[in-house]
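Peer 1: Going by this note's numbering, the first residue of the sequence shown is number 30, and it counts up by one from there. Please find one structure pasted underneath; my questions will follow.
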Amino acid sequence: SHPPHAASVEDDVEDYPDAAGTSMGRAPLPYDAQRRADKVSHTSRYAPFRSKADWELAEWMMKSGLSQKARDEMMKLDKMVETGAMPWPNNAAFLKKIDGLPTGPQLGWTVMGDEMDEDGEVVQGSEEVELWKRDPVECIRDLMGNPAFRRHMKFKPERRFRGPGRSNRVYHEMWTGDAWWEMQSKIPLHHTVAPVILASDKTQLTHFSGNKSAWPVYLTIGNIAKHIRRQPSKHATVLIGYLPVPKLSCFATPEKRSLEGWRLFHKCMGKLLDPLIESGRDGVDILCSDGHIRRVHPILASYVADFPEQCLIAGIKNTHCPICFVEPEDRGEPEQAELREQHAASNLLFRWWEHGEHANPEQLGFKKIWPFWVNLPHHNIFQCFTPDILHQLHKGNFKDHLVKWCLEYVKESEIDQRFKAMTPFTGLRHFAQGISKVKQWNGGEYKNMEKTFLSVIADILPPKAVQACQSLLDFIHYARFPIHTTESLGRMEATLSEYHKLKQVFMDDGKCLSFEIPKLHAMSHYLDMIKAKGTCDGYNTESPERLHIDFAKMAYRASNRVNPTKQMSLWLQRQEAMHRKRAYITW
Numbered sequence: 030s031h032p033p034h035a036a037s038v039e040d041d042v043e044d045y046p047d048a049a050g051t052s053m054g055r056a057p058l059p060y061d062a063q064r065r066a067d068k069v070s071h072t073s074r075y076a077p078f079r080s081k082a083d084w085e086l087a088e089w090m091m092k093s094g095l096s097q098k099a100r101d102e103m104m105k106l107d108k109m110v111e112t113g114a115m116p117w118p119n120n121a122a123f124l125k126k127i128d129g130l131p132t133g134p135q136l137g138w139t140v141m142g143d144e145m146d147e148d149g150e151v152v153q154g155s156e157e158v159e160l161w162k163r164d165p166v167e168c169i170r171d172l173m174g175n176p177a178f179r180r181h182m183k184f185k186p187e188r189r190f191r192g193p194g195r196s197n198r199v200y201h202e203m204w205t206g207d208a209w210w211e212m213q214s215k216i217p218l219h220h221t222v223a224p225v226i227l228a229s230d231k232t233q234l235t236h237f238s239g240n241k242s243a244w245p246v247y248l249t250i251g252n253i254a255k256h257i258r259r260q261p262s263k264h265a266t267v268l269i270g271y272l273p274v275p276k277l278s279c280f281a282t283p284e285k286r287s288l289e290g291w292r293l294f295h296k297c298m299g300k301l302l303d304p305l306i307e308s309g310r311d312g313v314d315i316l317c318s319d320g321h322i323r324r325v326h327p328i329l330a331s332y333v334a335d336f337p338e339q340c341l342i343a344g345i346k347n348t349h350c351p352i353c354f355v356e357p358e359d360r361g362e363p364e365q366a367e368l369r370e371q372h373a374a375s376n377l378l379f380r381w382w383e384h385g386e387h388a389n390p391e392q393l394g395f396k397k398i399w400p401f402w403v404n405l406p407h408h409n410i411f412q413c414f415t416p417d418i419l420h421q422l423h424k425g426n427f428k429d430h431l432v433k434w435c436l437e438y439v440k441e442s443e444i445d446q447r448f449k450a451m452t453p454f455t456g457l458r459h460f461a462q463g464i465s466k467v468k469q470w471n472g473g474e475y476k477n478m479e480k481t482f483l484s485v486i487a488d489i490l491p492p493k494a495v496q497a498c499q500s501l502l503d504f505i506h507y508a509r510f511p512i513h514t515t516e517s518l519g520r521m522e523a524t525l526s527e528y529h530k531l532k533q534v535f536m537d538d539g540k541c542l543s544f545e546i547p548k549l550h551a552m553s554h555y556l557d558m559i560k561a562k563g564t565c566d567g568y569n570t571e572s573p574e575r576l577h578i579d580f581a582k583m584a585y586r587a588s589n590r591v592n593p594t595k596q597m598s599l600w601l602q603r604q605e606a607m608h609r610k611r612a613y614i615t616w
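Next comes the structure, spelled out in structure tokens:
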């Protein structure tokens, strides 16, 4: 049986005034123009392939995972040659046909320079550091003009209310939050905001040998509905670059290597996002998916990253919060500190670089780097960070902390026995071997454990500890809501306050030594983040981790593992060309 559908509720919608997102004219979409040209020239929609059968064979060969060698061998089989079933004599001819298909913005490389020693001298025998990048503005143009997203796009912000009196605000998509409304007020009348959502995360390409890593950077826009952005098959999130992952062995100490690694990250991100400076300030004309031309300002709105990467992006030490000025020893308290502000931070860093230690901002957590975000217009990098439900809640506060504290009260074997004894039920994971035998934890495992954990510990922990567990689990479930209202956010805030009141029991009982936990403090920012950018399901780090499979791991496996980045970019270009052709055929 299917779960019941939620009742449809009619919301009161307040559109942004002053005709935001106004059309500046109309033009035919590329697919329209191509279809008309095909009709005039009597060209098949499958061209340059001879027939539908040839196209389907080519599509299968590109998606099947066959290596180039295997494709070549298949094409030369006697059966293929004798029957003429194979349209191409060899793999080279086949790839030449694929390379003739239209693609999006291409990945190009930039040499960032040789490794330098601490005196600025080039280290002999060092390898070049390469940054692979695409023009983010062209990627945004491609996304906004994709006709497949026509029914799933918004070009101006709105405020939604539920119930009488407009007192119960509704938050779900990015365009229902306050951040887009604020960005819209900073650009000229009638122009359109493209809220840029970035994500980056270093990932391992090899597990047992080679120690190869990749550092992809992804881009999408808040104009596209979140349920579309979350689906890899929709191609609504695109790769805009690979950051270098150098060893920096030319620097003598780990501390120096770490600092130079941070500086290299910001240097590369600065080059990667440089086109967003002028386009965000002045705007660019973009043909949108509805056939209207709009003056669009791409503005950095969100950066999806885990806590270490948030600190790297902000240029803040890991002992401090990248969003506010909370003291490290106060991170376990519910009170919020003053929020960080980009203009003030930029001025502080400028004085530090210009005047040395006279304006030392290290006490505020800053590292001595020149951040990539300084010149990006109309945004505050410290308010771009989003909730990270996977690492902060499921893995962090729940599994790494709460479960660990609870296991201090009872033996692990007893908890395992209780999980084993639970009656199997539809929709609930039955941990038949307990939880101590789970070797690979992922988001699904955490969520399934959260559903039944309270019933497992209900009668074996002190009452206050059980109540604390219930409060945290309630907060986690509220954080996963796809739609929030002012009322539900009030209840979510109440559960967090209750957890802070009750968590002291773990310290009083000697099960916890300290609450100076970054992921515990991060929960205090969730409500403001939801009000600014919509609900958390639009920004979960699970999405970029899933994209690593397509844009990093599969691409790496298709290479010969020698200088793989160029081969990976070519493989991705060909995959994208096939997707575009399929989209045109089915359009």
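Every residue gets a Cβ at the ideal spot worked out from N, C-alpha and C, and that includes glycine.
Identify whether His34 lies in helix, strand or coil by the three-state DSSP scheme.
Peer 2: Its pLDDT being 45, under 50, His34 is placed unreliably in this model, and the value from its coordinates should be taken loosely. Coil, per DSSP.
Peer 1: On the premise that Pro406 lies in contact with Leu302, defined as a C-beta separation below 8 Å, what is that separation, rounded to the nearest angstrom?
Peer 2: That pair is no contact at about 11 Å.
Peer 1: From Leu393 to His349, what does the alpha carbon distance come to, in whole angstroms?
Peer 2: So the two alpha carbons sit approximately 8 Å from each other.
Peer 1: Between Leu431 and Arg198, what straight-line distance do the alpha-carbon atoms span, to the nearest angstrom?
Peer 2: Computed Cα separation, rounded: 32 Å.
Peer 1: Three-state secondary structure (DSSP) at Ala606?
Peer 2: Reduced to three states, the DSSP call for Ala606 is helix.
Peer 1: What separation, rounded to the nearest whole angstrom, lies between the Cα atoms of Gly519 and Ser242?
Peer 2: Straight-line Cα distance between these residues: approximately 43 Å.
Peer 1: Between the Cα of Ser229 and those of Glu289, Thr415, Arg188, spot the shortest distance and give me the residue it belongs to.
Peer 2: When only C-alpha atoms are compared, the closest one is Thr415.
Peer 1: Can you tell me the Cα-Cα spacing of Glu362 and Asn409, whole angstroms?
Peer 2: The straight-line gap from Cα to Cα measures roughly 25 Å.
Peer 1: Inspect the beta-carbon positions of Val403 and Phe448 and report whether they are closer than 9 Å.
Peer 2: No, these two residues do not count as a Cβ contact at 9 Å.
Peer 1: Could you have a look at Cys297 and say whether DSSP puts it in helix, strand or coil?
Peer 2: In this structure, Cys297 counts as helix in the three-state DSSP scheme.
Peer 1: So which of Gly206, Pro217, Asp41, Val222 has the shortest CA-CA distance to Lys185?
Peer 2: Comparing Cα positions, the closest option is Val222.
Peer 1: Where does the unbroken alpha helix (DSSP H) through Trp161 begin, and where does it stop?
Peer 2: Taken as a continuous stretch (DSSP letters only), Trp161 belongs to no alpha helix (DSSP H), being part of the beta strand (DSSP E) at 158 to 162.
Peer 1: Whose CA, out of Trp382, Leu272, Glu289, Tyr613, lies closest to the CA of Cys279?
Peer 2: The candidate whose alpha carbon is nearest that of Cys279 is Glu289.
Peer 1: Would you check if there are 3 or more beta carbon pairs closer than 8 Å linking the region 187 to 195 to the region 35 to 54?
Peer 2: Flag = yes, the region 187 to 195 and the region 35 to 54 touch.
Peer 1: Determine the closest residue to His219 out of Ser526, Thr51, Met558, with distance taken between C-alpha atoms.
Peer 2: Ranking the options by Cα distance to His219, first place goes to Thr51.
Peer 1: Out of Leu599, Glu441, Trp434, point me to the one whose CA is closest to Gln533's CA.
Peer 2: Closest by alpha carbon: Trp434.
Peer 1: According to DSSP, is Val69 helix, strand or coil?
Peer 2: It is helical.
Peer 1: Once DSSP output is grouped into helix, strand and coil, what is the label at Cys279?
Peer 2: In the structure shown, Cys279 sits in coil (DSSP, three-state: anything other than H, G, I, E or B).
Peer 1: Where do the N-terminal and C-terminal ends of the alpha helix (DSSP H) with His529 fall, by residue?
Peer 2: Unbroken alpha helix (DSSP H) run through His529: 515 to 531.
Peer 1: In this structure, how does DSSP classify Cys353 when only helix, strand and coil are distinguished?
Peer 2: Strand, per DSSP.
Peer 1: What does the alpha-carbon distance come out to for the pair His295 and Phe504?
Peer 2: Each residue's alpha carbon lies about 35 Å from the other.
Peer 1: Measuring CB to CB, does Ile464 end up less than 9 Å from Gly206?
Peer 2: No, these two residues do not count as a Cβ contact at 9 Å.
Peer 1: Cβ atoms of Ile614 and Gly425: under 9 Å apart, would you say?
Peer 2: Not closer than 9 Å, so no.
Peer 1: Do Lys183 and Trp204 have their C-beta atoms within less than 9 Å of each other?
Peer 2: Taking 9 Å as the Cβ cut-off, Lys183 and Trp204 qualify as a contacting pair.
Peer 1: Which stretch, first to last residue, makes up the alpha helix (DSSP H) that contains Tyr507?
Peer 2: 492 to 508 is the span of the alpha helix (DSSP H), which, as asked, contains Tyr507.
Peer 1: Leaving out five residues on either side along the sequence, give the residues of the same chain with a beta carbon under 6 Å from the beta carbon of Asp538.
Peer 2: Closer than 6 Å at the Cβ level, and outside the excluded window around Asp538, lies no residue.
Peer 1: Give me whichever residues DSSP pairs with Ser80 in a beta bridge.
Peer 2: None, per the DSSP bridge assignment.
Peer 1: Would you mind listing the alpha helix (DSSP H) stretches within the region 73 to 140 that are 4+ residues and don't spill past its ends, in chain order?
Peer 2: Here the runs fully enclosed are 81 to 92, 97 to 104, 107 to 112, 120 to 128.
Peer 1: State the beta-bridge partners of Ile315 as determined by DSSP.
Peer 2: Bridge partners of Ile315: Arg323.
Peer 1: Would DSSP call Ser229 helix, strand or coil?
Peer 2: Correct three-state label for Ser229: strand.
Peer 1: Using the rule of at least 16 other Cβ atoms within 10 Å of the residue's Cβ for burial, across every protein chain shown, is Arg611 buried or exposed?
Peer 2: Per the 10 Å Cβ criterion, exposed.
Peer 1: On the three-pair Cβ rule with 8 Å, is the region 569 to 579 touching the region 319 to 336?
Peer 2: Because the criterion of three Cβ pairs below 8 Å is met, the region 569 to 579 and the region 319 to 336 touch.
Peer 1: According to the neighbour-count rule (16 or more other Cβ atoms, all chains shown, within 10 Å of its Cβ), is Arg188 buried or exposed?
Peer 2: With 16 or more other Cβ atoms within 10 Å, it is buried.
Peer 1: Which of helix, strand or coil does DSSP assign to Thr415?
Peer 2: Note: Thr415 maps to coil in three-state DSSP.
Peer 1: Quick check for students: name the residue ranges of the beta strand (DSSP E) that lie wholly in the region 359 to 428, counting only runs of 3 or more.
Peer 2: Counting only runs of 3 or more, we get nothing.
Peer 1: Roughly how many whole angstroms lie between the Cα atoms of Pro327 and Asp311?
Peer 2: Roughly 10 Å separates the two Cα atoms.
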